[in-house]
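Undergrad: The structure is given below, and queries will be raised subsequently.
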Amino acid sequence: DAKTTQPTSMDCAEGRAANLPCNHSTISGNEYVYWYRQIHSQGPQYIIHGLKNNETNEMASLIITEDRKSSTLILPHATLRDTAVYYCIGVNAGNNRKLIWGLGTSLAVNP
Amino acid sequence: GAGVSQSPRYKVAKRGQDVALRCDPISGHVSLFWYQQALGQGPEFLTYFQNEAQLDKSGLPSDRFFAERPEGSVSTLKIQRTQQEDSAVYLCASSATKRQVSGNTIYFGEGSWLTVV
Numbered sequence: 243d244a245k246t247t248q249p250t251s252m253d254c255a256e257g258r259a260a261n262l263p264c265n266h267s268t269i270s271g272n273e274y275v276y277w278y279r280q281i282h283s284q285g286p287q288y289i290i291h292g293l294k295n296n297e298t299n300e301m302a303s304l305i306i307t308e309d310r311k312s313s314t315l316i317l318p319h320a321t322l323r324d325t326a327v328y329y330c331i332g333v334n335a336g337n338n339r340k341l342i343w344g345l346g347t348s349l350a351v352n353p
Numbered sequence: 235g236a237g238v239s240q241s242p243r244y245k246v247a248k249r250g251q252d253v254a255l256r257c258d259p260i261s262g263h264v265s266l267f268w269y270q271q272a273l274g275q276g277p278e279f280l281t282y283f284q285n286e287a288q289l290d291k292s293g294l295p296s297d298r299f300f301a302e303r304p305e306g307s308v309s310t311l312k313i314q315r316t317q318q319e320d321s322a323v324y325l326c327a328s329s330a331t332k333r334q335v336s337g338n339t340i341y342f343g344e345g346s347w348l349t350v351v
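In order, the protein sequences belong to chains H and G.
Here my numbering is used: the first residue of the first sequence is 243, the next is one more, and so on.
Here my numbering is used: the first residue of the second sequence is 235, the next is one more, and so on.
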């Protein structure tokens, strides 16, 4: 599975868009990019995933660069409840038994 | 219940004591996973079940750790002779499919917080 790197922490003003970057320069062609988040004292929560195309759901948008070496998770209107640690994970579709987690980005949404 | 349920939510064990952590996955879910999360770290894979079969236990840190899912539903993670380094949150997750790469079909429980003193 591809190693991912993310900034340790970020701040965002409530109501503004939060853009969380992730580098995955060693990602291979059959590896998906997954995003999870973990609010303090809770279990991880799935957000979104993608392979090549940009994706959008009710929680967020995922923008993947054309070379697939990086991606950005966008929370369009961050709220205080979005304060959490956000994990970007590269997952090989052929070896799909385990998720390899990094340290994630600690996002603080400020009032 | 509607989600993955884990118990106990919090456990304090004396060093050397055996502990058992229970996971009730979402009803009908085929796949079940255990992860260990140390403070300030991301979760680390421990083991994976497909129904009652333990197909991958490569992440179990030592032979003191044992997991079972005898009837393909409830799972128990047992830690024998606990050590201080075992202090962590133990997360259980389940999925309706055999493949872990299924996006939003992977559901995590709230975790069991183990402190070994």
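Backbone N, C-alpha and C fix where the C-beta goes; we use that ideal spot for every residue, glycine too.
What three-state label does DSSP hand E305(G) in the structure shown?
TA: DSSP places E305(G) in coil when its eight states are reduced to three.
Undergrad: Any chance you could list the beta strand (DSSP E) runs of at least 3 consecutive residues sitting entirely within the region 249-325 of chain H, in chain order?
TA: Correct list: 251-255, 260-265, 273-280, 287-292, 303-306, 312-317.
Undergrad: Could you tell me which chain H residues have their CB closer than 7 angstroms to the CB of E344(G), listed as they occur along the chain?
TA: Going along chain H in sequence order, the residues near E344(G) (Cβ under 7 angstroms) are Q284, G285.
Undergrad: Could you please tell me which residues of the region 240-272 of chain G, in chain order, have their CB closer than 7 angstroms to any CB of chain H?
TA: Cβ contacts with chain H: none found.
Undergrad: Can you tell me whether DSSP reads E278(G) as helix, strand or coil?
TA: Note: E278(G) maps to strand in three-state DSSP.
Undergrad: Rounded to a whole number of angstroms, what is the C-alpha to C-alpha distance between Q334(G) and K311(H)?
TA: Its pLDDT being 49, under 50, Q334(G) is placed unreliably by the model, and the measurement read from it follows with that caveat. Taking the straight line joining both Cα atoms gives about 23 angstroms.
Undergrad: Please determine, among Q280(H), L293(H), R323(H), the residue with the shortest C-alpha to C-alpha distance to T314(H).
TA: The residue with the shortest Cα to Cα distance from T314(H) is L293(H).
Undergrad: Under 6 angstroms Cβ to Cβ from N338(G), same chain only, skipping five residues before and after it: list those, please.
TA: With a pLDDT of 44 at N338(G), under the threshold of 50, the modelled position of that residue is not reliable, and no figure is offered here.
Undergrad: Would I290(H) and N299(H) qualify as a contact pair, given that the criterion is a beta-carbon distance under 8 angstroms?
TA: Yes, they are a contact pair.
Undergrad: By Cβ distance below 6 angstroms, which residues in the same chain neighbour Y244(G) in space, the five residues on each side in sequence not counted?
TA: W347, listed in sequence order.
Undergrad: Can you tell which of K340(H), W277(H), T325(H) has the C-alpha that lies nearest to the C-alpha of S303(H)?
TA: Answer by Cα proximity: W277(H).
Undergrad: Going along chain H, which residues have a C-beta under 8 angstroms from F300(G)?
TA: Per Cβ cutoff of 8 angstroms: no residues; F300(G) is ~18 angstroms from chain H at best.
Undergrad: Run through chain G and tell me which residues come within less than 8 angstroms of K245(H), C-beta to C-beta.
TA: In chain order: nothing, as chain G lies at least about 12 angstroms away.
Undergrad: Cβ of K340(H) less than 8 angstroms from any chain G Cβ?
TA: Chain G, which has a Cβ nearer than 8 angstroms to the Cβ of K340(H), makes this yes.
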